[in-house]
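Residue numbers for the sequence shown, in the working numbering: 14 to 176.
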Amino acid sequence: MKNLSIIVAIASNYAIGKNNDLLWHISEDLKHFKKITLGHPVIMGKKTFESLPIRPLPGRENIVLTDVAGETIPGCTMVYSIPQILTLCKNKEDCFVIGGSSVYKQFLQFAETLYITWVHKAFEADVFFPEISEKKWQITETEKHHSEENNFDFSFVIYKRKK
């Protein structure tokens, strides 16, 4: 695989969701997500797939990780293990892991790039992203923004795995 990336929006306390939903709605972040992932495979768990307002995500190969053997979802590629996903993505230019929490944790060790929208505010949540170690990751790009609709700041940050 050329590049396995994770794309996620994270609050300052590493919160990413509550009750199988996002904690905020930031129009600029949704546009950013679409721009980065369009035309590329997106990897997600079944709960994340079910939480999407439009499914499958258009313009992307939707790869859904499930533990229910033989399960099918129209318009999706179903996979049942991490090695199966790694094999499937081996010859693809870029694959993006888009959630949820347990899928992020399982794939963090394989990722080369993190596309993180840091929301500069703490939120009450029931799912969190693992802590990002400065020993393993290096910031290569930061773009700061302010959300008028939510009245908080956020940043698009790209991390590359240190060699």
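Glycine included, C-beta positions come from ideal geometry on N, C-alpha and C.
Are the region 128-142 and the region 39-49 touching by the rule of at least three beta carbon pairs closer than 8 Å?
Flag = yes, the region 128-142 and the region 39-49 touch.
Please state whether DSSP places residue 156 in a helix, a strand or coil.
Numbered from 1 along the sequence shown, position 143 holds the residue referred to as residue 156. Of the three classes helix, strand and coil, the one that applies to residue 156 here is strand, per DSSP.
Going by beta carbon distance, what residues of the same chain come within less than 7 Å of residue 163, once the five residues before and after it are set aside?
Walking along the sequence shown from the start, residue 163 turns up at place 150. So the list reads 37 and 39, once near-sequence residues are dropped.
Using 8 Å as the threshold, is the region 76-91 in touch with the region 52-63, meaning 3 or more CB pairs across them?
Yes: at least three Cβ pairs fall under 8 Å.
My guess is that residue 134 and residue 24 are in contact by the Cβ rule of under 8 Å, so how many angstroms apart are they, rounded?
Residue mapping note: residue 134 aligns to position 121 of the sequence shown, counting from 1. Residue mapping note: residue 24 aligns to position 11 of the sequence shown, counting from 1. The Cβ separation is near 6 Å, so the contact holds.
Among the residues of its own chain, which have a CB less than 7 Å from the CB of residue 68, if the five just before and after it don't count?
Here residue 68 corresponds to residue number 55 of the sequence shown, with the count starting at 1. For residue 68, where only same-chain residues beyond five positions count, the Cβ hits under 7 Å are 62.
Taking contact to mean at least 3 C-beta pairs separated by less than 8 Å, is the region 101-120 in contact with the region 133-148?
Yes, the region 101-120 is in contact with the region 133-148.
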